[in-house]
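Worksheet: one structure, shown below.
Number of protein chains: 2
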Amino acid sequence: MRVLFKLFNFYLSKDKYFARRMYDVLGFIPGNISIYKLAFSHKSSQNEKSLLSQNNERLEYLGDAVLGTIVAEYLFKKYPDSNEGFLTKMRSKIVKRKTLNRIGDKMELDGVLQEFNNTRLSRSMLGNAVEALVGAIYLDAGYSFTHKYIVEKILRRYLDIHELENYDDNYKSQLLEWCQKHGKTISYKLISRYKYEKRDRFKVGVFVNNQRIATADDFNKKSAEQSASEKAMIELGILSEEEDDD
Amino acid sequence: MRVLFKLFNFYLSKDKYFARRMYDVLGFIPGNISIYKLAFSHKSSQNEKSLLSQNNERLEYLGDAVLGTIVAEYLFKKYPDSNEGFLTKMRSKIVKRKTLNRIGDKMELDGVLQEFNNTRLSRSMLGNAVEALVGAIYLDAGYSFTHKYIVEKILRRYLDIHELENYDDNYKSQLLEWCQKHGKTISYKLISRYKYEKRDRFKVGVFVNNQRIATADDFNKKSAEQSASEKAMIELGILSEEEDDD
Chain A
1 MRVLFKLFNF
11 YLSKDKYFAR
21 RMYDVLGFIP
31 GNISIYKLAF
41 SHKSSQNEKS
51 LLSQNNERLE
61 YLGDAVLGTI
71 VAEYLFKKYP
81 DSNEGFLTKM
91 RSKIVKRKTL
101 NRIGDKMELD
111 GVLQEFNNTR
121 LSRSMLGNAV
131 EALVGAIYLD
141 AGYSFTHKYI
151 VEKILRRYLD
161 IHELENYDDN
171 YKSQLLEWCQ
181 KHGKTISYKL
191 ISRYKYEKRD
201 RFKVGVFVNN
211 QRIATADDFN
221 KKSAEQSASE
231 KAMIELGILS
241 EEEDDD
Chain B
247 MRVLFKLFNF
257 YLSKDKYFAR
267 RMYDVLGFIP
277 GNISIYKLAF
287 SHKSSQNEKS
297 LLSQNNERLE
307 YLGDAVLGTI
317 VAEYLFKKYP
327 DSNEGFLTKM
337 RSKIVKRKTL
347 NRIGDKMELD
357 GVLQEFNNTR
367 LSRSMLGNAV
377 EALVGAIYLD
387 AGYSFTHKYI
397 VEKILRRYLD
407 IHELENYDDN
417 YKSQLLEWCQ
427 KHGKTISYKL
437 ISRYKYEKRD
447 RFKVGVFVNN
457 QRIATADDFN
467 KKSAEQSASE
477 KAMIELGILS
487 EEEDDD
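Chains as they are written, first to last, in the working numbering: chain A, 1 to 246; chain B, 247 to 492.
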C-alpha cells in the first residue's frame with residue numbers, strides 16, 4: 001500500500017518533478033514529499049517562488065539532533081575502546097559546519113537549492129540543507145531507516161574517517177614546517193588567562209618573525225595554539241579559508 | 247524467548263539484586279544488565295568495589311546525544327508553530343546539567359549511585375547518571391522504546407514544561423523587584439565588547455546601589471544581563487546556588 005502510494009507520488013502527482021529530483025539526490029523515493037520540499041526552502045527565499053510558506057529552519061534544528069545521535073552511536077560502536085573525550089572530539093569534527101558543507105557539496109544539494117530558491121547560494125546553505133534533509137528523512141521514514149541511510153549512504157560514502165582522526169593536531173606542525181622551509185622563526189605566547197563560566201580560558205598568540213599573526217582562545221593552551229595556528233595559516237595564505245562554523 | 251531471558255536475569259542470575267534495583271528505578275526489567283551496571287559506575291570509584299572495569303562516561307556521551315534528539319523531537323511536535331530559536335532554547339533548558347540533576351534526583355538515582363560507588367556523591371553525578379542511563383536503555387532496547395520511555399516516564403512526569411517556558415527571562419525582573427522592595431538602586435553597564443570566534447561578545451555588570459555585584463558574558467547584551475542578574479541574586483543570597491553546568 002505504502003509502495004503504491006509512493007509510486008503515485010512519484011509518477012502521477014504534480015510533485016513528480018520534485019520527487020524525481022529527490023530520487024536523484026537521495027536514491028530513494030520519498031513518502032511525504034512536502035517535508036522534503038520544506039527541507040530545501042531557505043528563509044531568504046520565502047516568497048511566491050518558494051516552495052512553502054514555512055522555511056527549513058525547524059527541520060535543521062531537528063536534523064542537527066538526529067544526525068548528532070546517529071554519528072554518536074556510529075563512533076561509539078566503531079571505537080569500542082576509545083574514551084568519551086575522543087568520541088566527542090570526533091563527533092564535533094563530523095557535525096561541524098565545514099564538514100557538513102562538504103557533504104552537501106558531494107551530495108550535489110547545490111543544484112536542488114538553486115532550483116528551488118531565488119537567492120544566491122552560500123556554502124553554509126549546503127550544510128544546513130544536509131541537516132534539514134536528515135530531519136525530513138527522520139519525520140518521513142523514522143529513526144531506523146534514517147540511521148541506516150546516514151551510516152551507509154553518507155558517513156561511509158562521503159567521510160574519510162581516518163583523515164578526520166588525524167586531522168586537528170596538524171595546524172601547529174604544518175605551520176612549523178612552513179616556517180622552517182621559509183627561514184622564519186615561530187613562537188607562541190600566552191597573552192591572557194581568564195575565567196569563562198568559572199573555567200580557565202587561555203588566549204594565545206602565534207608570532208612569526210616576532211610579529212603577531214593571530215590569536216585564539218580555548219579552555220586549554222594546546223587547543224588555543226592549534227586554533228591560533230589555523231588562523232595564522234589562513235592569514236599567511238597557506239590555508240584557504242572555508243566558511244566558518246555558525 | 248526474550249521475555250524468558252529477561253525473567254532468567256531477573257529471578258535467577260547473580261545479578262538479581264541489581265536487576266531488582268533497576269526495576270525499582272526504571273519500572274521495567276532490563277535486558278542486558280551489564281550495560282545498566284556500567285551506567286552507574288562512576289570513574290572516581292573504579293577499584294575492587296566498582297561494578298565493572300570501565301566507567302559510565304562513554305554511556306553518558308551516547309545518552310547525551312540520544313536524549314538531545316528525543317527532547318528535540320518532543321518539542322518539535324509539541325510546538326508546531328514555534329521557530330527553531332525557541333525550540334533550541336527550550337531544548338537547552340531541558341538538557342542542561344541543572345535540569346538533569348533535578349530529574350536524577352526525582353528518579354532517586356542517588357540511592358543506586360550510593361550503593362554501587364564508594365565515592366561521595368555530587369549533584370552533577372545525578373545528571374550524568376541520567377544521561378548514562380538513557381545511553382544504556384538505548385543500547386539495550388533501541389530507539390523507539392527509549393523514545394517512548396523518555397517522553398512518558400521522564401519528560402511528562404518530571405518536567406514542568408510551562409515553568410520552563412517562562413523561566414529564563416525572570417532573573418532581571420526578579421532582581422529589579424527585590425531592589426525596589428529593599429529601596430536599592432539597580433543599573434546595568436556594558437563593561438567590554440570583544441570578539442569571540444569572530445562573533446561579538448558582551449561583558450555586562452550589574453550594579454546595586456552603585457556597587458558592582460556580578461558580571462557575565464554573552465553573545466548579546468540581553469542574555470548577558472540575565473546571567474549577570476542570576477549571579478547577582480546568588481551573590482545577594484536571594485537565589486540559592488545549584489551545581490553549575492559542566
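Just so it is clear, CB atoms sit at the ideal spot from N, CA and C, and this is done for glycine as well. Because the structure is a prediction, the values reported are computed rather than measured.
According to DSSP, is residue i part of a helix, a strand, or is it coil?
i	result
R199 of chain A	strand
L482 of chain B	coil
L121 of chain A	coil
I432 of chain B	strand
S287 of chain B	coil
Q174 of chain A	helix
F86 of chain A	helix
I29 of chain A	coil
Q426 of chain B	helix
D463 of chain B	strand
Y440 of chain B	strand
Q300 of chain B	coil
K295 of chain B	Because K295 of chain B carries a pLDDT of 45, less than 50, the predicted location of this residue cannot be relied on, and no value is offered for it.
D491 of chain B	In this prediction, D491 of chain B has a pLDDT of 41, which is less than 50 and means its spatial position is unreliable; what the coordinates show is noted afterwards. Coil at D491 of chain B, not helix or strand.
From residue i to residue j, what does the alpha carbon distance come to, in whole angstroms?
i	j	result
R123 of chain A	E60 of chain A	15 Å
L51 of chain A	N278 of chain B	Caution is warranted here: a pLDDT of 48 is assigned to L51 of chain A, below 50, making its placement in the model unreliable, and the coordinate value is therefore given only provisionally. The straight-line gap from Cα to Cα measures roughly 47 Å.
L109 of chain A	A129 of chain A	7 Å
L410 of chain B	S192 of chain A	37 Å
A474 of chain B	T146 of chain A	42 Å
E294 of chain B	N363 of chain B	Here E294 of chain B scores only 46 on pLDDT, less than 50, and its place in the model should not be relied on; the value that follows carries that caveat. Cα to Cα, E294 of chain B sits roughly 10 Å from N363 of chain B.
D464 of chain B	F448 of chain B	5 Å
R304 of chain B	R348 of chain B	22 Å
K77 of chain A	K399 of chain B	27 Å
K283 of chain B	F264 of chain B	8 Å
K342 of chain B	I480 of chain B	19 Å
F86 of chain A	N166 of chain A	12 Å
D160 of chain A	Q174 of chain A	20 Å
D327 of chain B	T334 of chain B	14 Å
R266 of chain B	E330 of chain B	41 Å
Y269 of chain B	G350 of chain B	15 Å
D446 of chain B	H428 of chain B	35 Å
L313 of chain B	Q180 of chain A	48 Å
V271 of chain B	K394 of chain B	16 Å
If you drop the 5 nearest sequence neighbours on each side, which residues of the same chain put their C-beta closer than 6 Å to that of residue i?
i	result
W178 of chain A	I238
L100 of chain A	G127 and V130
M90 of chain A	L75
R458 of chain B	G451
K339 of chain B	L410
L482 of chain B	none
F207 of chain A	S187
Which same chain residues end up closer than 8 Å to residue i when comparing Cβ atoms and leaving out the 5 residues on each side of it in sequence?
i	result
L367 of chain B	D356, L359 and Q360
Y325 of chain B	F332, L333 and M336
Does the beta-carbon distance from residue i to residue j come in below 7 Å?
i	j	result
Y74 of chain A	L139 of chain A	no
A136 of chain A	I29 of chain A	no
A65 of chain A	A318 of chain B	yes
I70 of chain A	I150 of chain A	yes
K430 of chain B	N456 of chain B	no
K444 of chain B	Y404 of chain B	no
G309 of chain B	V380 of chain B	yes
A478 of chain B	A460 of chain B	yes
A378 of chain B	A470 of chain B	no
Y389 of chain B	Y143 of chain A	yes
Residue i and residue j look like a contact to me (Cβ under 8 Å); what is the Cβ gap, rounded to whole Å?
i	j	result
V204 of chain A	Y188 of chain A	6 Å
K467 of chain B	L436 of chain B	7 Å
I'd like the list of long-range same chain contacts for residue i, defined as Cβ closer than 7 Å, with 5 residues on each side in sequence excluded.
i	result
Y417 of chain B	Q472, S475, E476 and M479
M125 of chain A	H42 and L113
H162 of chain A	none
D491 of chain B	Since pLDDT at D491 of chain B reaches only 41, below the 50 mark, its modelled position is unreliable, and the value read off the structure follows with that caveat. If we look at D491 of chain B and ignore the five residues flanking it on each side, its Cβ neighbours are K342, R343 and K344.
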